[in-house]
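Chains as they are written, first to last, in our numbering: chain A, -13 to 309; chain B, 34 to 357; chain C, 268 to 553; chain D, 3 to 328. Even for Gly, the Cβ is constructed at its ideal location relative to N, Cα and C. Every value quoted in this text rests on a predicted model; they were computed, and no experiment measured them. Beneath this line is the structure, given in structure tokens, with notes to follow.
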Amino acid sequence: MSHPLLSVDELRVTIGGQPVVDGISFDIAQGEILSLVGESGCGKSMTAFSVMGLLPRAARLSGGRVMLDGTELSALTETELQALRGNELAMIFQEPVASLNPLMKIGRQIEESLIVHRGLEGREARRAAIDMLAEVGIPEPEIRAGQYPFELSGGMCQRAMIAMALICRPRLLIADEPTTALDVTIQAQILDLMKKLRDETGTAILLITHDMGVVAEMADRVAVMYAGRVIETAPVDALFARQEHPYTRLLLKTIPRLDGEPKETLPVIEGLVPDIGQWPEGCRFSPRCPLANDACRKAVPPLASRRDIGSTACWHAEQVGAI
Amino acid sequence: MVEPLLSVSDLKVHYPIRGGLFGRPVGYVKAVDGIDISIAPGESVALVGESGCGKSTLGAAILGMTRPTAGEIRFDGKPVIHGEASRARNLSRDIQIVFQDPASALNPKLSIGESIAEPLAIHGVGTAAERKTRVEELLGLVGLHAGHATRKPNAFSGGQRQRIVIARALALNPKLLILDEPVSALDVSIRSQILNLLLDLQKHFGLSYLFISHDLSVVRHFADRVAVMYLGHIVETGATQDVFANPVHPYTEALLSAVPLPDPMAQRTRRRIILKGDLPSPANPPKGCKFVTRCPLAQSVCHERQPELRRVAHAHASACHLRA
Amino acid sequence: MAATTATTPRPTKRSIPWTVLPFAAILVALLLIAILAPLVAPMDPNTQNLLARLKAPGFQARGMTYFLGSDELGRDVLSRLIYGARVSLLVAFASVTLSGIFGTVVGMIAAFYRGWTETLIMRLVDIVLSVPAILLAIITVAVLGPSFANVVIVLSMTRWPRYARVAYGQTLSVANMPYVRLSRFMGAGWLRLLSRHILPNIAGALIVVATLEFGLMVLFEAGLSFLGLGVQPPTASWGAMLATGRNYVATAWWIATFPGLALFLLVLSINLIGDHIRDRLDPRGR
Amino acid sequence: MQAGRILGLPPKPETEFPVPAFFLKRIFQAFIAILGVVTLIFFLQRMTGDPVLLLVPQNATREDIEAMRSALGFDRPLITQYWDYLSGILLLDFGRSYVQNEPVWTLIASRLPYTLMLAGGALTVAFGLGIPLGVTMAVRRGRAEAKAMMGLVLAGQSMPTFWSAILMIMVFAVWLGWLPPSGARDWQSLIMPSIVLGLLSMATFARVSRTAVLDELEKDYVRTGRAKGLPMLRIVMRHLLRNAAIPVVTVAALEIANLLAGAVIVETVFAWPGLGQLTVQAISARDFMLVQGVVLLGATTAIVLNLIADILYSLIDPRIRMEGSA
């Protein structure tokens, strides 16, 4: 296999000395969709921001490496990163309307990437922006380009964000909960669009979500995060067919399903999601895990290879099927 | 048939749009535009729909937090007259609400014990000591410790706050709970805890639920009956099993197919309907069938007349010209 | 099911930073001096000594030392400064309290009753706010005549809209919070709504306004006194002392310098502490 | 919006507000406000004392007073006087100063240019220093230089104008002799009053623009700009400043009005022959018609400035223009 497009190795992020991302590793191949899934506070967004070099002021990249096609992103200066952002690497966010400048017309905002990265100006940039709007399925793109974000719906704004992100044909798109703020019929449109664009352009996608349905629909491979660590990775079919970490297994069992048995008591994961900085000793899932024993509470299980297709961080991976 | 606990008939809630130099109404947003719904004792009825469909407005109107423009709401056979303080007080003994965001549903300056005791205090139920005992009992009921009563809301996580809100809603032993997206602000691993708690409480106390949600998987799991709303109208209603197994209205069908299944194999083989375009603005809805702008089946008749809700099977009704 | 222990999202309790501490000390010291003026002042502030006119700091006469010099009537600048602190703080305190209470009540009424009450009150607020406060104060004092009580009345009359606006906006947003809507739905009376839900949640914002206003009131009082529209002579007031000092800039620098410095330090301390309170209530630094 | 729906609040109506109607509404409101101020001042003055008693000599007889009263028209019903006063103002007739025996407007007009000059100088100081200070403090927040600037701003905010004026006179006029201590002889006379008057407003502008920029820095669109690979300078200049301008414009309107009020003290200290000095003279001479005229002018200016601010907003922000809501 050729080397991966993006490779994250033992990444650590701290806020005020507290780790929020605690040594995570994963790869994304060319044109692949990797879904980073987890609950609030597990560090998935911080991981995305550290890949982009966009960590909030309080956060520090305190260890590990991020490599994009042989370039070590984590060693670049801010100016060097700027040349890559919006060009090789792009990102879209959860709140599409707020993510656009409310006082600038849509078209101008999309053109800006071309102006900065490609040196295009005037009519050429305008034309390209309108073409891109058409490509992401916005009807009447000439008119839309001349409108302000508040004149567009949330779904339209997310399409515009995608147009903005993809206009320089990046090799990696990071999508941070891109459909969480949208209605379900609009979510279907946006997911459909992202998949179509990936197929056409070969842009790899790092998709961050908490929704297992979205994962199943979109991902080629999945990395599950819990309390700052990756606890399981696998190709999407393998993961949904068989989970080797109790958290993944329970998470899938607890969610109500359209094809499940109604009104039955759902299996639950006992306890609470631990807050940042209050992560337990040993395996961080151990206080909530039905399989946990003293070993789990003492030693952190390493992310070990799982039948050559993925990896799991559990001392009892073999017994998980019994939960 | 059992006498319904709550029955809503032809309810309308219209908000004026003000404009011009003197703020006169220049039009109306028909947030809820002629809705009939009933809930039997011990039953869970779900209102499903996307943002702006009017489902939360309907919930607020039943509670009297929003004044209806027209229509009637009867609770326990007696009409609910809004705007009458004494009536509202009595109503709140029987109907309570659980909000989506537990953070804003609790006063940050009050201890959770004070918050839970508030319904009792307002209704003058019991002495201070009795209320304290009741608070402890309620905390136990929702899986919290009696010792938590003196803490402020910010000492709790989202799931725990939702438990507190539920405890408060139960304080007066209501018959009906309006659950407005009760789990959508919670972490995935916490949702099933809260859903189970709600189902247990229902079994235990014979509660009726009006469950407002956009999450079809949760609705399917939770509700006996379901009403699908689109732009202020119910487009399809029936037993949850029937509606989910055999959706009649094209909107219900599209909505169901838009929900991604947590199962990649099934997902790939499933027929997906991707609707075109956005939800029209409730201030400026289309003529005829409200769904006509996005409907893959739309015919000329759909542009002209608004379809009535018609029975398609036993207790299953749909408002579509083409499928009935 | 047993719940795990409740977690506190914000466990850090910040102490007063070293930059604020000395100014807090200054403020406390000035407060004490103002309260204990008769005990700490070395001389009577109004005793004139025509033999000791315009003497530089450190001048001694009749066995008394004029630590900060004497003014044009031979009065001790230090003693007048100490008594002047009383006037400044008292006027500021009284007008902040009066305007604060009045503005808060009016603002809450506007938010609570809505309708024409709201329109009437908020229009009035707009109008009073649109007239520069000091100008309104000047014309009113000019009409009513200068006196301690009138200065307080005037300052309160011109400043209440600040609180009204904040109280109004905050009440509106708190009243829309689900917990207040729920309480209303259950039939809670206005007293309960205000005392348990609304006031505790808007108090923070009002305190921030009040601290800022306190500093401003000290400056306004001094400004009015400076123009001869404040507390009348012979009562000592920093503004009036500065006005006198202005005439002796070339010959007796101390008359204007010390009251100015006192005024500056007092207002600076209040503003710094006000900023600190604001940062604590809203860490983003609004 | 989302929260509103969940609580069952009415969704924000999306009316297409025609631009002229929006302006008309604002102008109408401003007009009402001015009317309110005129009314307030008129009745405040009439309620708090008999204007005639203030005009006649101390030893005047009852007959003298009555004669004066009818000569000046104060014996007519209050509402008639009010009406006359109102209609006079429309024609720039602010009444007559009985002390100086000149129309109020003539007196004001003779002093206005000086005050405008002073205000211009002060605004240059306030804007020119305040805005860059504020933006720098926000962008470089947390660093030593930003903290030092904040100290400077706080000092400026806490400095009583009459003291800084006296200090400057002491240093630059008395000791160093560089600048004239008072009067309005040449352009150098303008320097000290402008700085003193501008200092307080400088602090306000710095604080407001700092807060505005800080608020904007946290907005999602800034993150989007960075994700696009824009340099911070471009984000600030092209995206952020326009958004941050909205709160600054509001405060600017209020602050310019305050600045005019502050001129009362500064002009007095520096013997600058502007409206402020005129006001103080009018007050000590108990010349109420003149005081009333000046206050009215100040209030009107404040309201007009607010109107200008509103119109400016709508030019900055298309949402206000199109939705008609502030």
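Helix, strand or coil at Tyr350 (chain C) [DSSP, three-state]: Look at Tyr350 (chain C) here: in three-state DSSP terms it is helix.
Beta-carbon spacing of Ile14 (chain A), Leu(-9) (chain A) below 7 angstroms: A contact, by the Cβ cut-off of 7 angstroms.
Euclidean distance between Cα positions of Gln102 (chain D) and Trp189 (chain D): Straight-line Cα distance between these residues: approximately 29 angstroms.
Chain-ordered neighbours of Ser68 (chain A) on chain D, where CB pairs are closer than 7 angstroms: The sequence as given places Gln at residue 68 (chain A); Ser does not occur at that position. Those are Gly231 and Pro233, listed as they occur along chain D.
Alpha carbon of Val23 (chain A) to alpha carbon of Leu219 (chain B), nearest angstrom: 15 angstroms
Inter-residue Cα distance where the pair is Met310 (chain C) and Val498 (chain C): The straight-line gap separating the alpha-carbon atoms of Met310 (chain C) and Val498 (chain C) is approximately 21 angstroms.
Contact residues within the stretch 266 to 281 of chain B, judged by C-beta distance below 8 angstroms to chain A: Thr273, Gln274 and Phe277
Bridge partner(s) assigned by DSSP for Gln173 (chain A): Answer by DSSP bridge pairing: none, since Gln173 (chain A) is not bridged.
Backbone secondary structure at Leu80 (chain B) - three-state DSSP: strand
C-beta contact flag for Gly132 (chain D) and Met204 (chain D) at 7 angstroms: yes
Any C-beta of chain B under 7 angstroms from that of Asn468 (chain C): yes
Segment contact flag, the stretch 84 to 104 of chain A with the stretch 313 to 324 of chain D, C-beta cutoff 8 angstroms, min 3 pairs: yes
Exposure label - Asp66 (chain D); buried when at least 16 CB within 10 Å: exposed
Cβ of Asn103 (chain D) within 7 angstroms of any chain C Cβ: no
Local conformation of His196 (chain A) per DSSP, three classes: Residue state, collapsed to three classes: coil.
Within 9 angstroms of chain D by C-beta, residues of the stretch 391 to 402 of chain C in sequence order: Leu391, Asp393, Ile394, Val395, Leu396, Ser397, Val398, Pro399, Ala400, Ile401 and Leu402
Separation of Ala291 (chain B) from Tyr212 (chain A), as counted between CA atoms: 28 angstroms
Burial state of Leu548 (chain C), where buried means 16 or more other Cβ atoms lie within 10 Å: With fewer than 16 other beta carbons inside 10 angstroms of its own, Leu548 (chain C) counts as exposed.
Beta carbon proximity, Ser85 (chain A) to chain D, threshold 7 angstroms: yes
Boundaries (first-last residue) of the beta strand (DSSP E) holding Pro115 (chain D): Segment Val106 to Val141 is the alpha helix (DSSP H) holding Pro115 (chain D); no beta strand (DSSP E) there.
Per-residue contacts from His196 (chain A) into chain B (C-beta, under 8 angstroms): By Cβ distance, chain B contributes Asp220 and Val221.
Nearest-angstrom Cβ-Cβ length linking Ile241 (chain A) and Pro215 (chain B), presumed shorter than 8 angstroms: Not really, about 15 angstroms apart at Cβ, beyond 8 angstroms.
Classification of Met298 (chain B) by the beta-carbon crowding that lies within 10 angstroms, buried from 16 upward: exposed
Which of helix, strand or coil DSSP assigns to Ser272 (chain A): helix
Burial state of Ala434 (chain C) (16 or more Cβ within 10 Å): buried
Residues of the stretch 138 to 171 of chain B with Cβ closer than 9 angstroms to any Cβ of chain C, in chain order: Ala138, Leu139, Asn140, Pro141, Lys142, Leu143, Glu147, Ser148, Glu151, Pro152, Ala154, Ile155 and His156
Check whether Val198 (chain B) and Ala278 (chain B) have beta carbons under 7 angstroms apart: no
Short-range partners of chain C found in the stretch 151 to 170 of chain D, where Cβ spacing is below 9 angstroms: Met152, Gly153, Leu156, Ala157, Gln159, Ser160, Met161, Pro162, Thr163, Phe164, Trp165, Ser166, Ala167, Ile168 and Leu169
Secondary structure of Arg305 (chain B), DSSP reduced to three states: coil
Assumed close pair Leu204 (chain B), Leu172 (chain B) - CB separation to whole angstroms, cut-off 8 angstroms: A quick correction: the sequence has Ala, not Leu, at residue 204 (chain B). In fact, because the Cβ distance is near 11 angstroms, the residues do not count as touching under 8 angstroms.
Neighbour flag for Gly382 (chain C) against chain B, beta carbons, 7 angstroms: no
Pro112 (chain B) - partner residues in DSSP beta bridges: B:Arg107, per the DSSP bridge assignment.
Which of helix, strand or coil DSSP assigns to Ser85 (chain A): coil
Beta carbon proximity, Leu96 (chain B) to chain C, threshold 7 angstroms: yes
Residues that Gln129 (chain B) contacts on chain A, provided the C-beta gap is smaller than 7 angstroms: None at all; the shortest Cβ gap to chain A is about 22 angstroms.
Cross-chain neighbours of Glu341 (chain B) in chain A, by beta carbon under 8 angstroms: In chain order: nothing, as chain A lies at least about 24 angstroms away.
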